[in-house]
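Asker:
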Amino acid sequence: MVRREPEIVRYRLWLAATRQLSFDSYDDLWRWSTANLEEFWQSIWDYFALRSPTPHTCVLAERRMPGAKWFPGATVNYVEQVFRHVDRASAAGLPAIVSRNEKGDHREVAWPDLRRQVASLALHLRSQGVQPGDRVVGYLPNIPEAIVAFLATASIGAVWSICAPDMGTQAVLDRFKQIEPKVLIACDGVTYSGVVYDRTEVLAQIRAALPSVRHVIVHENIGTASSVADCVRFDRVVSRDDNATASFEPQWLPFDHPLWIVYSSGTTGLPKPIVHGHGGTVIVALTTLAIHCDIGCSYKQSSFGERFHWYSSTGWVMWNAQIGGLLNGTTLCIYDGNPGGTKANPDWTTLWRFAADLKVSFFGVGAAFFANCMKAGVEFSKCGDLSSIRALGTTGSPLSEEVQSWGSRQFAALALSNGNQEQADIWWCNISGGTDFAGAFIGGNRELPTIPGEMQCRLLGCAVQTFDEHGKPVIDAVGELVCTEPIPSMPLFLWGDTDGKRLIASYFDTYPDNYDGTGRGPAWRHGDWLKITGRGTCIIYGRSDATINRHGLRMGTSELYRAVEALPEVVDSLVVDIEYLGRESFMPLFVALGTDVVLDEKLKGKINDAIRIALSPRFVPNAIYQVAEIPRTLSGKKQELPIKKLLLGQPLENVINKDAMANPGCLEWYRGFAEKYLNRDRTNA
Numbered sequence: 024m025v026r027r028e029p030e031i032v033r034y035r036l037w038l039a040a041t042r043q044l045s046f047d048s049y050d051d052l053w054r055w056s057t058a059n060l061e062e063f064w065q066s067i068w069d070y071f072a073l074r075s076p077t078p079h080t081c082v083l084a085e086r087r088m089p090g091a092k093w094f095p096g097a098t099v100n101y102v103e104q105v106f107r108h109v110d111r112a113s114a115a116g117l118p119a120i121v122s123r124n125e126k127g128d129h130r131e132v133a134w135p136d137l138r139r140q141v142a143s144l145a146l147h148l149r150s151q152g153v154q155p156g157d158r159v160v161g162y163l164p165n166i167p168e169a170i171v172a173f174l175a176t177a178s179i180g181a182v183w184s185i186c187a188p189d190m191g192t193q194a195v196l197d198r199f200k201q202i203e204p205k206v207l208i209a210c211d212g213v214t215y216s217g218v219v220y221d222r223t224e225v226l227a228q229i230r231a232a233l234p235s236v237r238h239v240i241v242h243e244n245i246g247t248a249s250s251v252a253d254c255v256r257f258d259r260v261v262s263r264d265d266n267a268t269a270s271f272e273p274q275w276l277p278f279d280h281p282l283w284i285v286y287s288s289g290t291t292g293l294p295k296p297i298v299h300g301h302g303g304t305v306i307v308a309l310t311t312l313a314i315h316c317d318i319g320c321s322y323k324q325s326s327f328g329e330r331f332h333w334y335s336s337t338g339w340v341m342w343n344a345q346i347g348g349l350l351n352g353t354t355l356c357i358y359d360g361n362p363g364g365t366k367a368n369p370d371w372t373t374l375w376r377f378a379a380d381l382k383v384s385f386f387g388v389g390a391a392f393f394a395n396c397m398k399a400g401v402e403f404s405k406c407g408d409l410s411s412i413r414a415l416g417t418t419g420s421p422l423s424e425e426v427q428s429w430g431s432r433q434f435a436a437l438a439l440s441n442g443n444q445e446q447a448d449i450w451w452c453n454i455s456g457g458t459d460f461a462g463a464f465i466g467g468n469r470e471l472p473t474i475p476g477e478m479q480c481r482l483l484g485c486a487v488q489t490f491d492e493h494g495k496p497v498i499d500a501v502g503e504l505v506c507t508e509p510i511p512s513m514p515l516f517l518w519g520d521t522d523g524k525r526l527i528a529s530y531f532d533t534y535p536d537n538y539d540g541t542g543r544g545p546a547w548r549h550g551d552w553l554k555i556t557g558r559g560t561c562i563i564y565g566r567s568d569a570t571i572n573r574h575g576l577r578m579g580t581s582e583l584y585r586a587v588e589a590l591p592e593v594v595d596s597l598v599v600d601i602e603y604l605g606r607e608s609f610m611p612l613f614v615a616l617g618t619d620v621v622l623d624e625k626l627k628g629k630i631n632d633a634i635r636i637a638l639s640p641r642f643v644p645n646a647i648y649q650v651a652e653i654p655r656t657l658s659g660k661k662q663e664l665p666i667k668k669l670l671l672g673q674p675l676e677n678v679i680n681k682d683a684m685a686n687p688g689c690l691e692w693y694r695g696f697a698e699k700y701l702n703r704d705r706t707n708a
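Residue numbers (the numbering used here): 24 to 708.
Written out as structure tokens, the structure reads:
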């Protein structure tokens with residue numbers, strides 16, 4: 024298999040041909056893109072031939088954060104950009120969506136049928152009085168119906184929001200109540216880890232608590248939809264096929280018209296309802312996915328047959344990111360179910376076999392998935408024909424050097440047997456971004472070398488810096504990840520935040536106006552520890568609000584996890600640093616161990632030695648405790664800060680939202696531990 028020319032090379036050559044701009048290095052290109060925002064983002068508009076029936080008067084009316092005004096005068100629609108690929112992709116015989124679930128049900132949605140279903144549902148929503156700006160919400164798993172519902176909503180200018188059906192009633196209401204939706208599109212239940220969950224009762228509770236909802240559409244996913252009263256069936260409202268659906272066109276909208284509402288993790292307090300716009304989301308998604316992730320258009324000769332998979336639930340922003348593949352005419356491969364098999368029969372080959380069967384070319388997952396595969400001893404050679412995979416994507420948490428090297432060795436072995444030399448040095452596209460701006464700050468570049476444990480570059484148009492404790496940019500040192508210039512996909516606003524104070528408090532309080540004495544405006548604080556190396560690569564060390572500060576030496580938690588979780592006995596871990604003014608800190612380490620493994624003094628010594636060798640004796644914990652589970656959010660993030668606050672004496676109900684957790688049952692152990700810890704001399708804890 025011949026390695027195709029990377030999209031970032033095509034873009035660079037296009038700049039030379041159309042703008043007479045040449046750059047000696049990627050760093051030079053990046054510096055140009057962040058110093059010349061208007062010129063750069065106009066080039067992206069032109070490179071992807073974005074369309075607007077009305078011209079924009081300028082690229083950036085006000086260069087400030089928050090409140091930057093992008094492409095004023097332009098009118099766009101996310102769905103229009105998707106629909107422009109229908110005819111050519113269909114003529115090439117390529118599907119828009121290929122879907123499978125853990126029961127083995129396989130479906131394909133053709134591009135023309137995707138357009139017809141979207142049109143049918145959009146016309147139905149209009150008939151129910153849905154107007155631009157109205158909210159339509161989904162309670163749906165990662166299935167084609169969720170994508171159709173989103174596209175139909177966006178096509179008429181309504182605002183979309185979705186929660187995964189594994190979320191409990193209160194977690195859903197904490198989100199949807201804030202935005203007062205007019206229409207609810209839900210499923211009757213889901214199957215996960217081999218268990219069928221009937222959600223009709225939860226649906227009834229959600230419906231009763233949302234008086235703004237005037238219309239309910241139910242998709243029959245497990246066969247209990249008939250028990251839901253006063254609703255219409257999803258299959259009926261997408262079945263229309265007539266002149267009206269054939270002639271349907273998405274509505275042209277202002278560039279910054281609200282597209283969707285996504286939410287912060289909700290670990291404490293109500294989740295922030297974050298609003299992104301049509302135009303900003305489209306232009307940033309194309310830059311991130313096509314140029315940096317090198318995900319090609321499926322019907323173009325240079326990337327013919329491209330199939331893009333990024334495992335996600337609908338409760339994680341990577342679901343939104345995967346849909347972005349449609350903007351560039353890419354076939355999506357989606358999976359609904361547990362990627363690790365069932366509790367009774369764990370199987371970390373599940374997604375690999377899915378990728379083999381569907382001939383996935385770009386395979387993306389959360390970083391923890393690869394670590395679980397390594398722990399489980401997965402052998403890729405026994406997972407089917409994986410020769411189609413040319414790139415691996417990761418995000419969600421830092422990917423350790425050990426895990427990345429393990430995966431690379433597996434693909435190098437595959438290359439020897441299948442002859443795909445591209446897999447001999449498999450490309451890892453490790454990205455780091457966030458729900459907050461529906462994009463990535465740091466990511467991949469097919470032209471640059473891959474260094475295990477590091478991310479290749481700061482993304483074009485993203486003025487990312489590492490700030491020290493004085494708010495000064497530093498290189499080769501760990502500090503706060505900040506962005507000093509606006510990006511088109513940054514939040515328009517937080518829903519209900521009429522005066523903008525909540526938005527400012529969330530991102531701009533740490534570095535406000537004139538934070539460095541130069542008179543410049545505020546900088547966006549993202550909440551991650553970052554090191555930018557002298558060669559331009561980046562390393563994320565974890566959340567900056569969960570930082571360990573031991574004897575004056577700061578460190579993100581991911582470095583410690585890398586050392587501890589490399590041990591075969593340790594399945595998962597969590598560390599917190601409990602600091603007190605004027606007193607030495609106390610740092611406990613919690614470890615979940617493998618089956619039949621007991622935390623004895625020998626294993627404690629082994630863990631401490633691993634930390635001492637990999638990091639420093641400074642970071643050896645004060646105590647190690649064996650736990651059944653490490654608390655995680657629904658999107659898989661470790662709950663470091665809530666456990667830290669619990670150990671500082673705050674009530675459990677004030678520091679964590681159980682409905683936003685994947686495993687809330689484990690919290691009682693931590694509550695009990697905190698009570699014992701707070702009632703004893705901490706030096707003996």
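Don't be surprised by glycine CBs; every beta carbon is placed ideally from N, CA and C.
Excluding five sequence neighbours on each side, which residues of the same chain lie with their C-beta closer than 7 Å to the C-beta of W547?
Answerer: Taking the first residue of the sequence shown as 1, we reach residue 547 at position 524. Excluding positions up to five away in sequence, the list reads M88, V505, C506, Y530, F531.
Asker: Entirely within the region 522-577 and at least 3 residues each: give me those beta strand (DSSP E) ranges in chain order.
Answerer: List check, beta strand (DSSP E) in window: 547-555, 561-566, 571-573.
Asker: With distances taken between CB atoms, is the gap from I306 to G348 smaller than 8 Å?
Answerer: For the purposes of this step, residue 306 is taken as residue 283 along the sequence shown, with counting starting at 1. For the purposes of this step, residue 348 is taken as residue 325 along the sequence shown, with counting starting at 1. No, these two residues do not count as a Cβ contact at 8 Å.
Asker: Provide the residue span of the alpha helix (DSSP H) that contains S150, from first to last.
Answerer: Here the question's residue 150 lines up with position 127 in the sequence shown. Here the alpha helix (DSSP H) through S150 covers 134-150.
Asker: Please name the residue in N266, Q274, H299, T268 whose C-alpha comes closest to that of P281.
Answerer: Reading the sequence shown from its first residue, position 258 is the one you call residue 281. Per the Cα distances, H299.
Asker: Beta carbon of L760, beta carbon of K681: below 8 Å?
Answerer: Look at the range of the chain in this structure, 24 to 708, and you will see that residue 760 is not part of it.
Asker: Who are the near neighbours of D157 in its chain, counting only those whose CB is closer than 6 Å to its CB and skipping five residues on each side?
Answerer: Counting from 1 along the sequence shown, the entry for residue 157 is found at position 134. A181, K205.
Asker: With distances taken from CA atoms, which of Y564, S75, E676, I647 is nearest D499?
Answerer: Within the sequence shown, the letter at position 476 stands for residue 499. Of Y564, S75, E676, I647, the residue nearest in Cα terms is Y564.
Asker: Unbroken beta strand (DSSP E) runs of length 3 or more, entirely within the region 462-514: which are they?
Answerer: You should have 462-466, 487-490, 501-506.
Asker: Threshold first: 3 residues or longer. Then list the beta strand (DSSP E) segments lying entirely within the region 300-341, N to C.
Answerer: Correct list: 330-333.
Asker: Starting from the Cα of D595, find the closest Cα among I634, K398, N368, D265 and give me that residue.
Answerer: Taking the first residue of the sequence shown as position 1, residue 595 is located at position 572. Comparing Cα positions, the closest option is K398.
Asker: With H, G and I counted as helix, E and B as strand and the rest as coil, what does DSSP make of G419?
Answerer: Here the question's residue 419 lines up with position 396 in the sequence shown. In the structure shown, G419 sits in coil (DSSP, three-state: anything other than H, G, I, E or B).
Asker: Pair every Cβ in the region 434-446 with every Cβ in the region 475-484, then say whether three or more of these pairs are closer than 8 Å.
Answerer: Touching, no, given that fewer than three Cβ pairs across the two stretches are closer than 8 Å.
Asker: Is the region 191-205 touching the region 141-158 in the sense that three or more CB pairs, one from each, lie closer than 8 Å?
Answerer: Because the criterion of three Cβ pairs below 8 Å is met, the region 141-158 and the region 191-205 touch.
Asker: May I ask you to report which of helix, strand or coil DSSP gives G605?
Answerer: Translated into the one-based positions of the sequence shown, residue 605 becomes position 582. Any answer about G605 is weak, because its pLDDT of 40 lies below 50 and its placement is not dependable; what the coordinates show is given next. Here G605 sits in coil by DSSP.
Asker: For a quick check, are the C-beta atoms of G419 and A391 less than 8 Å apart?
Answerer: Along the sequence shown, read from residue 1 onward, the residue named residue 419 stands at position 396. Along the sequence shown, read from residue 1 onward, the residue named residue 391 stands at position 368. Their beta carbons are under 8 Å apart, which means G419 touches A391 by this criterion.
Asker: Taking 8 Å as the cut-off, decide whether the C-beta atoms of V213 and T192 are in contact.
Answerer: What you label residue 213 is simply residue 190 of the sequence shown in a count that begins at 1. What you label residue 192 is simply residue 169 of the sequence shown in a count that begins at 1. Not in contact: V213 and T192 (Cβ atoms no closer than 8 Å).
Asker: How far does the beta strand (DSSP E) with E61 in it extend, from its first residue to its last?
Answerer: For the purposes of this step, residue 61 is taken as the residue at position 38 of the sequence shown. Looking at the DSSP string, E61 is not in any beta strand (DSSP E); the run it does join, the alpha helix (DSSP H), is 60-70.
Asker: What does DSSP give as the partner residues of E85 in its beta bridges?
Answerer: One-based indexing of the sequence shown puts residue 85 at position 62. Its beta-bridge partners are K92.
Asker: Could you have a look at R33 and say whether DSSP puts it in helix, strand or coil?
Answerer: Your numbering for residue 33 matches position 10 in the sequence shown. It is helical.
Asker: With which residues is D595 paired in a DSSP beta bridge?
Answerer: In the sequence shown, counting from the first residue as 1, residue 595 sits at position 572. According to DSSP, which records beta bridges pairwise, D595 is partnered with A615.
Asker: Can you find the residues in the same chain that come closer than 7 Å, C-beta to C-beta, to P29, ignoring five residues on each side of it along the sequence?
Answerer: Numbered from its first residue, the sequence shown carries residue 29 at position 6. Taken in chain order, the residues that qualify are D317, R469, E470.
Asker: Could you give the distance in angstroms between the alpha-carbon of H315 and the alpha-carbon of D69?
Answerer: For the purposes of this step, residue 315 is taken as the residue at position 292 of the sequence shown. For the purposes of this step, residue 69 is taken as the residue at position 46 of the sequence shown. Roughly 17 Å between the two C-alpha positions.
Asker: CA-CA distance, S325 and R33?
Answerer: The count along the sequence shown starts at 1 and reaches residue 325 at position 302. The count along the sequence shown starts at 1 and reaches residue 33 at position 10. S325 and R33: Cα-Cα distance of roughly 11 Å.
Asker: Just to confirm before moving on: does the CB-CB distance between G364 and T354 stay below 8 Å?
Answerer: Counting from one through the sequence shown, the residue named residue 364 turns up at place 341. Counting from one through the sequence shown, the residue named residue 354 turns up at place 331. No. Outside cutoff.
Asker: Kindly give me the distance between the Cβ atoms of E592 and V620, rounded to whole angstroms, as I take these residues to be in contact under 8 Å.
Answerer: Along the sequence shown, read from residue 1 onward, the residue named residue 592 stands at position 569. Along the sequence shown, read from residue 1 onward, the residue named residue 620 stands at position 597. About 5 Å; that satisfies the 8 Å criterion.
Asker: Determine whether the beta carbon atoms of M684 and P654 lie at a separation below 8 Å.
Answerer: Your numbering for residue 684 matches position 661 in the sequence shown. Your numbering for residue 654 matches position 631 in the sequence shown. For M684 and P654, yes; Cβs fall inside 8 Å.
Asker: Within 8 Å (strictly less), CB to CB, does Q274 reach chain B?
Answerer: Note that chain B does not occur in the displayed structure, where there is just one protein chain.
Asker: Where do the ends of the beta strand (DSSP E) carrying P281 lie?
Answerer: Within the sequence shown, numbered from 1, the residue matching residue 281 stands at position 258. Its beta strand (DSSP E) spans residues 281-286.
Asker: Taking only the alpha-carbon atoms, compute the straight-line gap between R635 and I185 and give it to the nearest angstrom.
Answerer: Your numbering for residue 635 matches position 612 in the sequence shown. Your numbering for residue 185 matches position 162 in the sequence shown. If you take the alpha carbons of R635 and I185, they lie about 44 Å apart.
Asker: List the residues that DSSP assigns as beta-bridge partners of C396.
Answerer: Looking up residue 396 in the sequence shown gives position 373. Answer by DSSP bridge pairing: none, since C396 is not bridged.
Asker: Using 8 Å as the cut-off, can you tell me whether the region 481-489 makes contact with the region 252-267, which would need three or more C-beta pairs spanning the two stretches below that distance?
Answerer: The region 481-489 vs the region 252-267: no contact.
Asker: Tell me the residue span of the alpha helix (DSSP H) that contains I666.
Answerer: Within the sequence shown, residue 666 is the residue found at index 643, counting from 1. Where I666 is concerned, the enclosing alpha helix (DSSP H) stretches over 663-670.
Asker: Within 10 angstroms of its Cβ, does K667 collect 16 or more other Cβ (buried), or is it exposed?
Answerer: Within the sequence shown, numbered from 1, the residue matching residue 667 stands at position 644. Its Cβ being crowded by 16 or more others within 10 Å, K667 is buried.
Asker: Check whether the Cβ atoms of L207 and V236 sit closer than 8 Å, and answer yes or no.
Answerer: If you number the sequence shown from 1, residue 207 lands on position 184. If you number the sequence shown from 1, residue 236 lands on position 213. Yes, the Cβ-Cβ distance between L207 and V236 is below 8 Å.
Asker: Using the three-state DSSP reduction, which class does D359 fall into: helix, strand or coil?
Answerer: By 1-based counting over the sequence shown, the position of residue 359 is 336. Reduced to three states, the DSSP call for D359 is strand.
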